[in-house]
Amino acid sequence: MIISPINPPRPPLIASEKSSFAYKTTRSRWPVIITKTIDDVYRAYNIPGFSGSIFKSEDSPNETEQRKKTEAKEIIEELSAMKYAIERDKPLVPLIPDQLSDFDTWEDVYQKYFAEKTWFSAPWLFTECYLYRRLNSAFARTTHWREYDPFKREKEDTFRKSYTAVNELAIRINELVEIEIESNKSEDLNKQDEEERRRFVFSELCQVSLWGNSTDLSLLTDLTSEAVKKLQTTGKGALKEAEKNILVNEIDKIWEKLKGLKGARIDIVLDNAGFELFGDMILAEWLIQAGYASEVYFHAKPIPWFVSDATPKDFHSLLSSITEPNFFNSNKIVEEPNIEKLSSRWNEYMKNHQWHLKFDYFWVSPYAYWHLHEKGRELFTDLCKSSLIFFKGDLNYRKLVYDCKWEFTTPFTEAIGPLNSQRVVPPIAALRTCKADVIVGLAEGMEEKMKAKEDDWLVSGKFAVVQYSPGEK
Ligand code: F6P
Ligand code: MG
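Per my numbering, the sequence shown starts with residue 3, numbered consecutively.
What follows is the structure, encoded as structure tokens:
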């Protein structure tokens, strides 16, 4: 059997099944996301001064501004038409040629597998990626909006509300960096004690990075500062409490690999911008300071994706914005040196090439990661230089396991297919809060136990998995 986007290793998650989360997403969540995008574009060209507005002059708009306005109307019309088509389960249509480098891939996959399909009858993984790719195409085909990110305002607003957790984490990582500096200086520390200490720190920071994934904006809209605070799990007590919601916890397995590394290359395939990215950077910093990594490669999405995913612009803007006096709407920043301290170190890592930022169109392709070695060859070859790759978040997880109906007890290593069986693949760690009806690697009986406990355990983002594949190196 040839595995392809229309023929995953098990039957695909699909929106035609009314009890599925795919159905709920297609029926209710996407129309809301599209409406909000339309709203953002309308406000950006219609309300001068609106944050992110590209409409410059209030009086007698010149030709360029007229053009921007016309293009905005075209985008709005196109998005409205797409929303209409989704709500009526219309056939999927080919993408209109745009300048993006992956256009041919999309055209090819569409023609080969999906030309006869509709929004509800094609596998959910494809339709959801196709939705965001079409959305981006509407902007990419204009002159004035091609670089515009309709999710930027929302990503930034939510991050601004994260001050409390950001500050707490800044204090913690500054403290940890001090400890590492001391530890490196001192020769008479007991090696075993040091290793044990680091094991705990690694587990803590893995969980910081993991739970950062619960504030994803495609699932949670219009969060208040209080709600954001509640979702952001930091501090030892809160982490301890949340740890029992990690349904499969293989942090120790990752640690066994990590502790043998010295000055290695470690990669993080990012998910969401803002607070989640901040937590990923905390982990990345410690990996460097503790000497396990000499370089960390971050992989971002090349275009706005699944609302909150991190693009290169989001990455750079995080590095520069956290020290802006009023970014977090809190004057405390001015008095509080913790974030400044951390920010100057992080900017140094970028300058010194200890941190690298990469982006690749494979991450926004219609392909699951089972096809990484054949459809994203250059990227794959590069990733094989890594000693350990972290994959963050729900969508990366869905793509790792091909978003299909595995028995929940299927081993993770089996469900990621070639990414485990290929000879040269590095070790992989998936850090994911659960937001889709796919999960693997559960112990016998766990599914039944969870079903009895909470109806929406698979999709609420309250539960998580940390899973590991040792690769073949
Ligand atoms: O809408 C599909 C989905 O994968 C959800 O399951 C999830 O809420 C969201 O998109 C993306 O989540 P994440 O940011 O963790 O990849
Ligand atoms: Mg995301």
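C-beta: ideal position from N, C-alpha, C; glycine also.
Cutting at 6 Å between CB atoms, please list the residues of its own chain near residue i, excluding the five before and the five after it.
| i | result |
| --- | --- |
| L263 | Y294 and S389 |
| L222 | Residue placement at L222 cannot be trusted, given a pLDDT of 46 that sits under 50; the coordinates are not used to answer. |
| D151 | P306 |
| T412 | V442 |
| G281 | V210, S211 and G214 |
| E278 | G214 and N215 |
| L97 | W108 and S139 |
| S220 | Its pLDDT being 47, under 50, S220 is placed unreliably by the model, and the measurement read from it follows with that caveat. Closer than 6 Å at the Cβ level, and outside the excluded window around S220, lie F308 and V309. |
| P14 | P125 and C406 |
| S323 | F329 |
| F153 | P306 and V309 |
Between the options, which has its C-alpha nearest residue i's C-alpha?
| i | options | result |
| --- | --- | --- |
| S471 | V34, S462, E252 and Y404 | E252 |
| N347 | V179, K261 and F141 | The residue you asked about is not Asn; residue 347 is Arg in the sequence shown. Nearest option by C-alpha distance: V179. |
| E243 | N274, V210, S139 and L94 | V210 |
| I2 | K70, T28 and S82 | Nothing about residue 2 can be read from this structure; the chain reaches only from 3 to 475. |
| W121 | Q469, Y132, V111 and E380 | Y132 |
| D405 | F382, D439 and S423 | D439 |
| I5 | H373, R267 and K387 | H373 |
| A312 | K261, L359, K407 and K70 | L359 |
| S296 | V250, N354 and K343 | N354 |
| T144 | R379, S22 and K75 | K75 |
| P10 | N48, G378 and A124 | A124 |
| N48 | A167, R69, S323 and Y134 | R69 |
| L320 | A286, G276, F410 and P13 | G276 |
| K163 | T435, N328, I36 and S22 | N328 |
| I290 | P314, L260 and D316 | L260 |
| S367 | L344, S21, S345 and E130 | E130 |
| L241 | E196, A167 and A286 | A167 |
What does DSSP give as the partner residue(s) for residue i in the beta ladder?
| i | result |
| --- | --- |
| K242 | According to DSSP, K242 bridges with nothing at all. |
| P304 | Partner(s): none; P304 has no beta bridge. |
| S471 | I430 |
| C208 | Per DSSP, none; premise fails for C208. |
| R267 | E297 |
| S164 | DSSP, once it has assigned bridges, lists no residue as partnering S164. |
| C436 | Looking at the DSSP assignment, C436 forms no beta bridge with any residue, so it has no partner. |
| L390 | I268 |
| A466 | I248 and T435 |
| N9 | S6 |
| N274 | D311 |
| C406 | P14 |
| T120 | P93 |
| P125 | I16 |
Which residues in the same chain have their Cβ closer than 8 Å to the Cβ of residue i, if we skip the five residues on either side of it in sequence?
| i | result |
| --- | --- |
| L402 | A370, Y371, F393, A417, I418, L421, I430 and A432 |
| W288 | I175, L178, V179, E182, V203, F204 and L207 |
| Q424 | H375 and E474 |
| Y25 | A17, S18, E19 and F122 |
| E446 | T411 |
Please report the Cβ distance between residue i and residue j, rounded to the nearest whole angstrom; I am assuming they are in contact, meaning their Cβ atoms lie under 8 Å.
| i | j | result |
| --- | --- | --- |
| I284 | L460 | I284 to L460, Cβ: 28 Å. No contact. |
| S310 | K437 | About 12 Å; that fails the 8 Å criterion. |
| N247 | G395 | That pair is no contact at about 16 Å. |
| A142 | R136 | The Cβ separation is near 10 Å, so there is no contact. |
| N398 | V298 | Actually they are not in contact, since the Cβ atoms of N398 and V298 sit about 17 Å apart, beyond 8 Å. |
| I78 | V43 | 6 Å |
| F128 | P7 | 6 Å |
| E73 | H146 | 6 Å |
| A266 | R200 | So it is not a contact: roughly 15 Å between Cβ atoms. |
| S89 | A140 | The displayed chain sequence assigns Glu, not Ser, to residue 89. Going by Cβ atoms, the distance from E89 to A140 rounds to 18 Å, so no, they are not a contact pair. |
| L385 | D269 | 6 Å |
| F361 | H301 | 7 Å |
| L249 | A466 | 7 Å |
| Q356 | F414 | About 30 Å; that fails the 8 Å criterion. |
On the DSSP letters alone, give me the boundaries of the beta strand (DSSP E) that residue i sits inside.
| i | result |
| --- | --- |
| H358 | W357 to F361 |
Please list, in chain order, all residues of the same chain as residue i whose beta carbon is under 7 Å from its beta carbon, the five residues on each side excluded.
| i | result |
| --- | --- |
| Y485 | Summary: the structure shown does not reach residue 485, with the chain confined to residues 3 through 475, and so no result is reported for it. |
| K92 | T120 and W121 |
| K464 | N247 |
| N340 | N169, A172, I173 and N176 |
| W33 | Reading off the sequence, residue 33 comes out as Pro, not Trp. Within the same chain, P33 has close Cβ partners K85, I88 and E89. |
Let's see if you can read the secondary structure: which residues bound the alpha helix (DSSP H) around residue i?
| i | result |
| --- | --- |
| N251 | Premise fails: N251 lies in the beta strand (DSSP E), I248 to N251, not in any alpha helix (DSSP H). |
| L402 | G395 to L402 |
| I40 | W32 to N48 |
| R347 | P339 to K353 |
| F382 | R379 to L385 |
| D458 | Run containing D458: none; DSSP gives neither H nor E here. |
| R69 | E65 to E89 |
| P2 | The structure shown has nothing for residue 2, since the chain only spans 3 to 475. |
| T145 | No alpha helix (DSSP H) contains T145, which DSSP labels as neither H nor E. |
| L421 | P420 to S423 |
| W108 | F105 to V111 |
Could you tell me whether any Cβ in chain C is nearer than 8 Å to the Cβ of residue i?
| i | result |
| --- | --- |
| P368 | Checking the listed chains, one finds no chain C in this structure; it contains a single protein chain. |
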